[in-house]
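S.K.:
There are 2 protein chains.
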Amino acid sequence: MENLFENISSKNREKLLKMLKSQSIPYRKGVNILSNVNRDNFIGIVDEGSLQIVFNDYNGNSIIIEDIEKNQIFGNLISSINSDECEVITKEKTKIIYIDYDNITSPDVIKTDFYIAFVKNLIKLMATQLNNKNERIEILTKRTIRDKLLEYFRILSKKKGSKIFTIPFSFIELANYLSVDRSAMTRELKYLKTEGFIKVDGKRVRLLY
Amino acid sequence: MENLFENISSKNREKLLKMLKSQSIPYRKGVNILSNVNRDNFIGIVDEGSLQIVFNDYNGNSIIIEDIEKNQIFGNLISSINSDECEVITKEKTKIIYIDYDNITSPDVIKTDFYIAFVKNLIKLMATQLNNKNERIEILTKRTIRDKLLEYFRILSKKKGSKIFTIPFSFIELANYLSVDRSAMTRELKYLKTEGFIKVDGKRVRLLY
DNA sequence: AAAATAATGTTGCATTTGCAACATTTTACA
DNA sequence: TGTAAAATGTTGCAAATGCAACATTATTTT
Numbered sequence: 004m005e006n007l008f009e010n011i012s013s014k015n016r017e018k019l020l021k022m023l024k025s026q027s028i029p030y031r032k033g034v035n036i037l038s039n040v041n042r043d044n045f046i047g048i049v050d051e052g053s054l055q056i057v058f059n060d061y062n063g064n065s066i067i068i069e070d071i072e073k074n075q076i077f078g079n080l081i082s083s084i085n086s087d088e089c090e091v092i093t094k095e096k097t098k099i100i101y102i103d104y105d106n107i108t109s110p111d112v113i114k115t116d117f118y119i120a121f122v123k124n125l126i127k128l129m130a131t132q133l134n135n136k137n138e139r140i141e142i143l144t145k146r147t148i149r150d151k152l153l154e155y156f157r158i159l160s161k162k163k164g165s166k167i168f169t170i171p172f173s174f175i176e177l178a179n180y181l182s183v184d185r186s187a188m189t190r191e192l193k194y195l196k197t198e199g200f201i202k203v204d205g206k207r208v209r210l211l212y
Numbered sequence: 004m005e006n007l008f009e010n011i012s013s014k015n016r017e018k019l020l021k022m023l024k025s026q027s028i029p030y031r032k033g034v035n036i037l038s039n040v041n042r043d044n045f046i047g048i049v050d051e052g053s054l055q056i057v058f059n060d061y062n063g064n065s066i067i068i069e070d071i072e073k074n075q076i077f078g079n080l081i082s083s084i085n086s087d088e089c090e091v092i093t094k095e096k097t098k099i100i101y102i103d104y105d106n107i108t109s110p111d112v113i114k115t116d117f118y119i120a121f122v123k124n125l126i127k128l129m130a131t132q133l134n135n136k137n138e139r140i141e142i143l144t145k146r147t148i149r150d151k152l153l154e155y156f157r158i159l160s161k162k163k164g165s166k167i168f169t170i171p172f173s174f175i176e177l178a179n180y181l182s183v184d185r186s187a188m189t190r191e192l193k194y195l196k197t198e199g200f201i202k203v204d205g206k207r208v209r210l211l212y
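Residue numbers (my numbering), protein chains in the order written: chain Y, 4 to 212; chain G, 4 to 212.
(1) Please classify G:VAL183 as buried or exposed, where buried requires at least 16 other C-beta atoms within 10 Å of its C-beta.
(2) Out of Y:ILE142, Y:GLY47 and Y:LYS73, which has the shortest C-alpha to C-alpha gap to Y:ASN179?
(3) Are the Cβ atoms of G:VAL49 and G:ILE28 separated by less than 8 Å?
(4) If the cut is a Cβ gap below 7 Å, which residues of chain Y does G:PHE58 touch?
(5) Less than 8 Å between C-beta atoms, sequence neighbours within five positions excluded: which residues of the same chain meet that for G:LYS96?
(6) Starting from Y:THR160, trace the alpha helix (DSSP H) both ways and give me its first and last residue.
(7) Find the residues of chain Y that neighbour G:SER82, judging by a C-beta separation of less than 9 Å, and give them in chain order.
(8) Counting contacts by CB-CB distance shorter than 8 Å, is Y:SER182 in contact with chain G?
(9) Can you find at least 3 beta carbon pairs, one from the region 205-212 of chain G and one from the region 164-177 of chain G, that sit closer than 8 Å?
(10) Taking G:ASN24 as the reference, which of G:ASN74, G:GLY47 and G:LYS136 has the closest Cα?
(11) Check whether the region 7-27 of chain Y touches the region 107-125 of chain Y, taking contact to mean three or more Cβ pairs, one atom from each stretch, closer than 8 Å.
(12) Between Y:VAL203 and chain G, is any beta-carbon pair separated by less than 8 Å?
(13) Under the rule that 16 or more other beta-carbon atoms within 10 Å means buried, what is Y:PHE174, buried or exposed?
(14) Do Y:GLU278 and Y:ALA120 have their CB atoms nearer than 8 Å?
(15) Out of curiosity, what's the CA-to-CA distance linking Y:LYS206 and Y:LEU177?
(16) Which residue from G:MET188, G:LYS94, G:LYS98 and G:LEU125 puts its Cα closest to that of G:ILE56?
(17) Please report the Cβ distance between G:ILE92 and G:ASN135, rounded to the nearest whole angstrom; I am assuming they are in contact, meaning their Cβ atoms lie under 8 Å.
(18) Name, in chain order, the residues that DSSP records as bridge partners for Y:ASN35.
(19) Keeping to the same chain, check which residues put their C-beta closer than 6 Å to that of Y:ILE68; ignore five residues upstream and five downstream.
(20) Applying a beta-carbon distance threshold of less than 8 Å, which residues of chain G neighbour Y:VAL122?
(21) By Cβ distance below 6 Å, which residues in the same chain neighbour Y:ILE99 in space, the five residues on each side in sequence not counted?
(22) Using C-beta distances below 8 Å, list every residue in its chain close to G:CYS89, excluding the 5 sequence neighbours before and after it, in chain order.
(23) Determine the closest residue to G:LYS14 out of G:GLN75, G:ASN79, G:LEU54 and G:ASP116, with distance taken between C-alpha atoms.
(24) Cα separation between Y:ASN6 and G:LYS127?
(25) Give the straight-line distance between the Cα atoms of Y:ILE201 and G:ILE102, rounded to the nearest whole angstrom.
(26) Residues bridged to G:PRO29 by DSSP?
(27) With G:LEU133 and Y:LEU133 assumed to form a contact (beta carbons below 8 Å), what rounded beta-carbon distance in angstroms separates them?
(28) In the DSSP assignment, the beta strand (DSSP E) including Y:PHE8 goes from what residue to what residue?
(29) What residue does the alpha helix (DSSP H) around Y:PHE121 start on, and which one ends it?
(30) Would a check of beta-carbon distances place G:ILE119 closer than 8 Å to chain Y?
(31) Closer than 6 Å by C-beta to G:TYR194: which residues in its own chain qualify, once you throw out the five before and the five after it? Chain order, please.
(32) Confirm the yes/no value for this check: CB of G:ASN106, any heavy atom of the ligand ZN, distance under 7 Å.
(33) Kindly indicate which three-state DSSP category Y:VAL112 falls into: helix, strand or coil?
(34) Taking its Cβ as the centre, do 16 or more other Cβ atoms sit within 10 Å of G:THR189, making it buried, or is it exposed?
(35) What residue does the beta strand (DSSP E) around Y:LYS202 start on, and which one ends it?
(36) What separation, rounded to the nearest whole angstrom, lies between the Cα atoms of Y:LEU159 and G:ASN79?
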């Protein structure tokens, strides 16, 4: 899996983190980490655990904008966290490394011989996030629950390179991701099964077409 | 507006483009530019005109994944263009500057004194795209046409800093962006008007709440 | 192991939506 | 300036969906 320190030795990693004036902060499960931190331009690296970026509605609804897993990055400049409307919630026990955005282009850092790798990794990680968001947009623009499910399954199947794959969500989370009513989604899954499009066993899905 | 050469003099811009072995290619309106180009890892800069990245369904439906305006960037590494499913279509007479992704971290380029600005600009542009995609996801996750419209208007209003703003789309394009039926959208706009939530005059909208 | 909690499955019903088919208005352009 | 083409507006109706309320099955906790 990609990470910000790919192709950088652990020794250089430490050197880099020191140059970037990084800070490592541990959190418990279910904590809103942005309420603690009031950094200006930061990049957060999930060193352990995972996060969700949640957008809170004026109606009190909350939308999961993004799941941030281990080694992924987030931040107000590289992603979009408006402190008023967004919350960053730990999904489990999580450790975050904070680096100051402005430091990533400090002369010291640029001079190092691992800088190229660092910049490439950063761009790669952002590109991956763009990819993930494009995928979700592709799915969300489908107009029926059926088409959303089939598009999602198509993407999973393509990634796995197989007609058989595992849904990496609970069904509650899946309904959230697709932005549909959970019970209506269950119903549609039933129809897809009885009509012979798919076979479902727990979280394991097989496409029959 | 942001662009890849912000804070870089035009002289240095030319120098940089030469170092990056860039190529400038003009296109007519309505052309699928990816069919012509078969580059490996490239970044395309819209120097003039504008593009749409279109995703083509197995059903023959096409979804506009993204509008790329002047000075914005696209590419298979920084965005997500799978040549099998995606098309990049010019919306008008358009000029694209292609640079080789691998060259942006070549030793020559890194040594220049404008490299910091260049990298920062690149990251900034990608961050803007992430932002745009997050906004669209926020909108698309709303479950009714009404809520999609109101969320979209809220964002426009916030950006403008005013209850009065102009929709930068035709209604056909807006319906595409919201991923709803155009006539159903018109109907909902009518309801919002008669219920006194908004006032619409052409593309000019005023929020009354 | 029992109890509590969370996840999943089911179904009736009202609402929303897409779709189709058409009318009207605006814009492009020959 | 007149005509074609594109954009916008309207409406009936069938289909899809959210919602609510509940049943059943898994999972966690004590």
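Every residue gets a Cβ at the ideal spot worked out from N, C-alpha and C, and that includes glycine.
M.R.: In this structure, then:
(1) Within the second sequence, residue 183 of chain G is the residue found at index 180, counting from 1. Counting Cβ neighbours within 10 Å, G:VAL183 comes out buried, since at least 16 surround it.
(2) Here residue 179 of chain Y is taken as the residue at index 176 of the first sequence, counted from 1. The shortest C-alpha separation from Y:ASN179 is found at Y:ILE142.
(3) The residue given as residue 49 of chain G occupies position 46 in the second sequence. The residue given as residue 28 of chain G occupies position 25 in the second sequence. No.
(4) Here residue 58 of chain G corresponds to residue number 55 of the second sequence, with the count starting at 1. By Cβ distance, chain Y contributes GLU141.
(5) Within the second sequence, residue 96 of chain G is the residue found at index 93, counting from 1. So the list reads PRO29, TYR30, ARG31, LYS32, GLU51 and GLY52, once near-sequence residues are dropped.
(6) Position 157 of the first sequence, counted from the first residue, corresponds to residue 160 of chain Y. Checking the sequence, you will find Ser at residue 160 of chain Y rather than Thr. Taken as a continuous stretch (DSSP letters only), the alpha helix (DSSP H) holding Y:SER160 covers 148-163.
(7) Along the second sequence, read from residue 1 onward, the residue named residue 82 of chain G stands at position 79. Result: ALA130, LEU133, ASN134 and ASN137.
(8) Locating residue 182 of chain Y in the first sequence gives position 179, where the first residue counts as 1. Yes, Y:SER182 lies at the interface with chain G (some Cβ there is under 8 Å from its Cβ).
(9) yes
(10) Counting from 1 along the second sequence, the entry for residue 24 of chain G is found at position 21. The sequence given here has Lys at residue 24 of chain G, not Asn. It is G:GLY47 whose Cα lies nearest to the Cα of G:LYS24.
(11) Short answer: they touch.
(12) Start at 1 with the first residue of the first sequence, and residue 203 of chain Y comes out as number 200. It does not; no Cβ of chain G falls within 8 Å.
(13) Position 171 of the first sequence, counted from the start, is the residue given in the question as residue 174 of chain Y. So Y:PHE174 ends up on the exposed side.
(14) A query on residue 278 of chain Y cannot be resolved here, the shown segment of chain Y reaching from 4 to 212 and no further.
(15) By 1-based counting over the first sequence, the position of residue 206 of chain Y is 203. By 1-based counting over the first sequence, the position of residue 177 of chain Y is 174. Going from the Cα of Y:LYS206 to the Cα of Y:LEU177 covers about 11 Å.
(16) Taking the second sequence and counting its residues from 1, one reaches residue 56 of chain G at position 53. Among G:MET188, G:LYS94, G:LYS98 and G:LEU125, the Cα nearest to that of G:ILE56 is on G:LYS94.
(17) For the purposes of this step, residue 92 of chain G is taken as the residue at position 89 of the second sequence. For the purposes of this step, residue 135 of chain G is taken as the residue at position 132 of the second sequence. That pair is no contact at about 18 Å.
(18) Taking the first residue of the first sequence as position 1, residue 35 of chain Y is located at position 32. Y:ASN35 pairs with Y:ILE92.
(19) Taking the first residue of the first sequence as position 1, residue 68 of chain Y is located at position 65. Correct list, in chain order: ILE56 and PHE58.
(20) Here residue 122 of chain Y refers to the residue found at position 119 of the first sequence. Within chain G, THR108 and VAL122 have C-beta atoms less than 8 Å from the C-beta of Y:VAL122, given in sequence order.
(21) Within the first sequence, the letter at position 96 stands for residue 99 of chain Y. Excluding positions up to five away in sequence, the list reads ILE28 and GLY47.
(22) Reading the second sequence from its first residue, position 86 is the one you call residue 89 of chain G. Result list for G:CYS89: LEU37, ILE56, VAL57, PHE58, ASN59, ILE68 and SER83, in chain order.
(23) Working through the second sequence from its first residue, we reach residue 14 of chain G at position 11. Checked all of G:GLN75, G:ASN79, G:LEU54 and G:ASP116; the closest Cα to G:LYS14 is G:ASP116.
(24) For the purposes of this step, residue 6 of chain Y is taken as residue 3 along the first sequence, with counting starting at 1. For the purposes of this step, residue 127 of chain G is taken as residue 124 along the second sequence, with counting starting at 1. Distance between the alpha carbons of Y:ASN6 and G:LYS127: 20 Å.
(25) Along the first sequence, one-based indexing puts residue 201 of chain Y at 198. Along the second sequence, one-based indexing puts residue 102 of chain G at 99. C-alpha separation (whole angstroms): 44 Å.
(26) Looking up residue 29 of chain G in the second sequence gives position 26. DSSP output for G:PRO29 lists G:LYS98 as bridge partner(s).
(27) Residue numbering aside, residue 133 of chain G sits at position 130 when the second sequence is read from its first letter. Residue numbering aside, residue 133 of chain Y sits at position 130 when the first sequence is read from its first letter. Sure, about 6 Å apart at Cβ, within 8 Å.
(28) Here residue 8 of chain Y is taken as the residue at index 5 of the first sequence, counted from 1. Careful: Y:PHE8 lies outside any beta strand (DSSP E) and carries neither H nor E.
(29) Walking along the first sequence from the start, residue 121 of chain Y turns up at place 118. Segment 118-143, the alpha helix (DSSP H) holding Y:PHE121.
(30) Counting from one through the second sequence, the residue named residue 119 of chain G turns up at place 116. It does; some Cβ of chain Y falls within 8 Å.
(31) Position 191 of the second sequence, counted from the start, is the residue given in the question as residue 194 of chain G. Around G:TYR194: no qualifying Cβ.
(32) As presented, the structure is devoid of all ligands, the ligand ZN included, so that no description of it is given.
(33) Position 109 of the first sequence holds residue 112 of chain Y. Y:VAL112: helix per DSSP, three-state reduction.
(34) For the purposes of this step, residue 189 of chain G is taken as residue 186 along the second sequence, with counting starting at 1. So G:THR189 ends up on the exposed side.
(35) By one-based count along the first sequence, residue 202 of chain Y stands at place 199. Where Y:LYS202 is concerned, the enclosing beta strand (DSSP E) stretches over 201-204.
(36) Within the first sequence, residue 159 of chain Y is the residue found at index 156, counting from 1. Within the second sequence, residue 79 of chain G is the residue found at index 76, counting from 1. Roughly 20 Å between the two C-alpha positions.
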